[in-house]
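Novice: The numbering of the sequence shown is our numbering, which starts it at 11 and goes up by one.
All residues carry an ideal CB built from backbone N, CA and C; glycine is no exception.
Only a predicted model underlies this, so the values are computations on that prediction, with no experimental measurement involved.
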Amino acid sequence: MILKNLDGNDRLMAFRYHDLILLKNYSGQNVSVRGRPLVRGGFCRIYPGQRILVGNQVLSYQELAQYFNAKKNVSLPQILIRVNKDSDEVELERSRTRDSSLRITFGLKVRVKALRDVDAELNGIKLKAGTQVEATLEDKIIFHNDSEMDLIDLRRRARALGGRFQLKASKSEYLVSNDPSRLEAGDILLSPGTSGDVLLKIFCDYDQRVGLLEVIEADRPIIVGDTPVRTTAPLKDGDTIRIDIGQFLRCNFSERIIEEERNIIRTLEVSEVTHRFSKDEIGLEGNSFSVTRGELVCVMGASGSGKSTLLKVLAGQLQPTSGEVILNGQSLYPNLDVLKRYISYMPQQDAFDEHLTIGENLQFAAAIRSPHLSRRDRTRRLDAKLIELGLGERRDAVVGSADKKTLSGGERKRLNIGLDMIGMSDVYLFDEPTSGLSSKDSEHVIEIIRGMAHNKIIIVTIHQPSSKLFQMFHKAILLDKGGRLVFFGTPSDMLRYFAEAEHQHQFGAELGACPSCGTTRPEFIFDVLETPLRDISGDIIYEENSRGQLVAARRYSPEFWRDKYEAFRLIQDVKQVSLRKEPVALLPAAPAQKKRLPFRWHDEWTQFRTLLRRSFLSKLRNRANLVITIGVSPVLALLIATILRYSDSGKYDFASAYHIPTFLFLSLIVAMFLGLTNSADDIIRDRPVLQRERNLNVRLSYYVISKTLTLGIFALIQCILFVLIGNYALQIRGMFWIDLGIMLMTAMGGVSLGLLISSLVADPKTAANIVPLVLIPQIIMGGALIKYEDMNRNLALVYALTHWFSEHPNIEQEKKMGSKLEVPFVCQFIAMRWSYEEMIVAQAKLNPLTRRQDLTQREIDRIVAKHRQDPGESKRLEELKETLALLSGLEANSVGDLDHYLGLIDQILDGKRPFDRALFKNAAGPITAEQIYVNQKVSDLISNAEMEQSDYRRGDRPNVFFGAQKRHFGIKISVFVFNTVVLIGSTLGLLALLHWILRRQLEVRKG
């Protein structure tokens, strides 16, 4: 192939083996690869996405690959042009018709053949019927009215239309693959974008107009019609072979043609888009432009000119006040559920997990964006993307925060853009990907983005690019204050436009182009655009803006530049060839609301597992979180237990320990505190990632569940450590699993509250300040610090309403209000009230001694309640009575002996052995079961509640605090069942509210 910059014997030599491309320099020209000079005789490897600079000409990896394919004759993009002589309108065609005027084939050279007389010329040659001209991509077809058509633009359009393969009469077998090394001349090479390995063979019978498909190798289902094919399948004329999502081969044996069709975004149109934040604040005003597949477009403008607003509108995140965003002829917002998956939006801030490695971030991104791919295919894609991003050697480096500087600014930006590049979108929107980077890092980032542009639509916002950066873009958009479009065109056209405007209005600034060096200064555009207004003496005139700040008054307003551009565009439209829009493949229609989308278990499980692994690894790698998990809980348990280890007898004794209820309450406070602090900033850190993944159909329910499970695991570890140490220090025996369960439920309530707080605030400091506001009411109204009988009774809703409506409240009315141990109405909304009550009642009723006593008594009551007892039941009754008497006075020499005797009693209660007094003949000693397992302070709390409930003066039994049973709607419910249901239900309710809030936050905002 011929490069214009190479003269005489200068040449470059390229070699390809599979995906490996090597380049050797045999020229004396300045050749630069990856920003490094390639000296004469030197060679280097070219990675996907990289560019080669030969003087001022740019070659990309993709272009080299296409030239190799063209030389092998397996991929020759071709397009036909029909010229309407009456209207001077041009229409692009995939196949030849009788009205076709030009056929353009793109290979090592561009071959233009005139099929009919066309009033146009190429390189000075008139395009008469039969004329064939060889050209380069930089050449243009000039029509009779001086309108132009770029060959490089036509090649982009030819690629977007998909491949069209003519079947030869002399050949009946064709290989189909995405790997050109496995094909011979004339075989079918799939267009870029197909992932994994695909190798098919098609047998053609032209006489019968049928064929046969053989699947040689494929890592995804190959579907003919609606039938998956694993080995072979017959083909009829007109059948479609689905290769991948949105990629098909249509077999037209009658015409000896196989066409590749793709459901892809080929055009993005913005039509009169206006967005108002308020009546006085305009984000965008009346913007219209069009971008086609294969174009890399930059959006420039001063701060506050609407660059980010425009990208959010294009991404489907901000619905414009008026106007439309159109993809392939379909309006974006009415069809958002279908179209949003084709769009990837990369925010300016880093949207990855700082606690994971580079490889892990990309691995999880690939799994979420392409759950249908096999793990091997995702790994292969990950390896290629790491090399393309220049991060292969840093694969196992933990990203770290921006402050720790584990990665350089350029590496962080490359990782940030790589997370979406590893996906399969058609439209990529990058918001300030070069902000804060050096010029060299900025060039590297834009080079990576440019490498995608051959097969995508890419729009990049950039504040003020360097001249080298500016020339990398195919088109440029310039926005002025108020989001007004003041130019859209090629970078060179923009510079020329403002240079002419400079001289036309005599701004006095220097030209934007330097003829001697061939470079440009894009900042010159802003000098012209924002030329200040000066007074007679030449001083700048200042005016007050909407914020009350003094700024330089502009000589020409944004409205002036917008109107000037509209006039310029009208003239340019007349000069340009009128290109009729080719029909585009409509994207799949949105399913009916009543029709459910197919549920793919593999994809759903992959997504959930990925979210869970990402969440867990992030927490595990967070050192501060590990310190809190491992260290804080034991320290608090030891501190609280040491301070509260006190009994009236002087020597510590569990039975007379004074502060056991306080310890149980504080253990629940600690559980809620740890749950709150562990989760209060989680969603704040994840918010950029959630915003980024909103178009990927990531299920918020999976995200909430994965977060809850991850935090629940760490909460469980903390509770285990606290219960082990605290119960051991205070000699609370036999209550480990019960105390752990109640603590864990309380901690999960704290986790759900913390996640809810994290979803409502913007920064971790605010979340940390809210935690005490949530925790203090739990302490005050939990029922331990202030007893409910000593609390302001007006907190009870019924009591307060009675006093409000009664003119003369009397003592009798107060008596009817129920027990003073009833929980005030407002305290019913305090989670600590439910968990503390359950913990105290459990300590009193479920300790090893009382639990067996109650079980024995219930069995006795059951037998006694029978009118007639057989001899066996009578004997059983006597044994139970003796067992109950033994339990009430059980003694031993050690705690181990007590546990042994309790084990024997369990066997008696289960009926596994008869009662034998001889088994307990040594059951005597200084230690009693009541001293070891029953605390007097806890028993007193339960006794007061039982007496209040059994007061004969009350017509009904009130629901008092620490009551072992609750009555609701005439149904008697155990406190353990009722309180557990309340605690779990409140946690699930908070998580459901969290899901609703996140869904609302990620919904499309309307103007």
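1. For Ala243, does the count of other Cβ atoms within 10 angstroms reach 16, so buried, or fall short, so exposed?
2. Can the beta-carbon of Leu719 be found closer than 9 Å to that of Ser625?
3. To which residues of the same chain is Arg565 closer than 6 Å at the C-beta, ignoring the five residues directly before and after it?
4. Going by Cα to Cα distance, which pick from Val408, Gly420, Thr756 is closest to Leu399?
5. Could you tell me how far apart the beta carbons of Ile212 and Gly221 are, in whole angstroms, since I believe they sit closer than 8 Å?
6. The alpha helix (DSSP H) with His154 in it runs from where to where?
7. What's the C-alpha gap between Met310 and Leu783?
8. Decide if Asn857 is buried, meaning its Cβ has at least 16 other Cβ atoms within 10 Å, or exposed.
9. Check whether the Cβ atoms of Phe498 and Tyr438 lie closer than 9 Å to each other.
10. Would a C-beta distance cut-off of 9 Å place Ile353 and Ser448 closer than the cut-off?
11. Do Met682 and Leu785 have their beta-carbon atoms positioned less than 9 Å apart in this structure?
12. If you drop the 5 nearest sequence neighbours on each side, which residues of the same chain put their C-beta closer than 6 Å to that of Ile135?
13. So Gln879 and Ile870 are supposed to be a Cβ contact under 8 Å. How far apart are they, rounded?
14. Report the option in Lys717, Thr620, Ile12, Met842 whose CA atom is closest to the CA atom of Thr672.
15. Where Asp160 and His612 are concerned, what is the direct C-alpha to C-alpha distance, given to the nearest angstrom?
16. At a cut of 8 Å, does the region 332 to 344 reach the region 666 to 680 through at least three beta carbon pairs?
17. By a C-beta neighbour count over all protein chains shown, 10 Å radius and 16 as the cutoff for buried, is Trp4 buried or exposed?
18. Going straight from the alpha carbon of Leu1008 to that of Lys976, what length do you get?
19. Does the distance from the C-beta atom of Leu539 to that of Phe299 stay below 9 Å?
20. Within the chosen definition, does the region 387 to 405 reach the region 338 to 353 through at least 3 CB pairs nearer than 8 Å?
21. Let me confirm a value: Ile581 is counted as buried when at least 16 other C-beta atoms fall within 10 Å, else exposed. Which label applies?
22. Is DSSP giving Lys119 helix, strand or coil here?
23. Between the region 904 to 922 and the region 632 to 645, do three or more beta carbon pairs fall short of 8 Å?
24. Please determine, among Ser201, Leu16, Arg167, the residue with the shortest C-alpha to C-alpha distance to Ala75.
25. When you compare only the Cα positions, how much space is there between Phe746 and Thr990?
26. Which residue or residues does DSSP assign as beta-bridge partners of Leu560?
27. Have a look at Lys119, Asn297, Gly410 and flag the residue whose alpha-carbon is nearest the alpha-carbon of Val323.
28. Output the residue ranges of the beta strand (DSSP E) runs that lie fully inside the region 449 to 537 and measure 3 residues or longer, sorted by chain position.
29. Could you tell me the boundaries of the alpha helix (DSSP H) in which Cys729 lies?
30. Roughly how many angstroms separate the alpha carbons of Glu269 and Arg121, rounded to a whole number?
31. Using a Cβ distance threshold of 8 Å, determine whether the region 78 to 95 contacts the region 109 to 120, with at least three qualifying pairs required.
32. Do the region 983 to 1000 and the region 878 to 898 touch if we need at least three Cβ pairs shorter than 8 Å?
33. Does the region 248 to 256 come close enough to the region 226 to 240 that 3 or more CB-CB pairs lie under 8 Å?
34. Going by DSSP, what residue range makes up the alpha helix (DSSP H) through Ile942?
35. Inspect the beta-carbon positions of Leu700 and Ile693 and report whether they are closer than 9 Å.
36. Sorted by chain position, which residues of the same chain lie with C-beta nearer than 7 Å to Leu795's C-beta, five sequence neighbours on each side aside?
Specialist: Reading from the atomic positions:
1. buried
2. yes
3. Thr541, Leu543
4. Gly420
5. 6 Å
6. From DSSP, His154 is part of no alpha helix (DSSP H); its letter is neither H nor E.
7. Put simply, the backbone Cα of Met310 is about 45 Å away from that of Leu783.
8. buried
9. no
10. no
11. yes
12. Val143
13. Going by Cβ atoms, the distance from Gln879 to Ile870 rounds to 12 Å, so no, they are not a contact pair.
14. Met842
15. When the Cα atoms are used, Asp160 and His612 turn out to be separated by approximately 46 Å.
16. no
17. Outside the shown range of the chain, which is 11 to 1017, sits residue 4, and nothing can be said about it.
18. Cα to Cα, Leu1008 sits roughly 36 Å from Lys976.
19. Result no, Cβ atoms of Leu539 and Phe299 do not sit closer than 9 Å.
20. With a cut-off of 8 Å, the region 338 to 353 and the region 387 to 405 do not count as touching, because too few Cβ pairs lie within range.
21. Exposed is the label assigned to Ile581, since fewer than 16 other Cβ atoms lie within 10 Å of its Cβ.
22. coil
23. no
24. Ser201
25. Distance between the alpha carbons of Phe746 and Thr990 is about 17 Å.
26. Glu554
27. Asn297
28. 467 to 471, 485 to 490, 494 to 499
29. 710 to 739
30. 21 Å
31. yes
32. no
33. yes
34. DSSP places Ile942 in the uninterrupted alpha helix (DSSP H) bounded by 939 to 943.
35. yes
36. Taken in chain order, the residues that qualify are Ile789.
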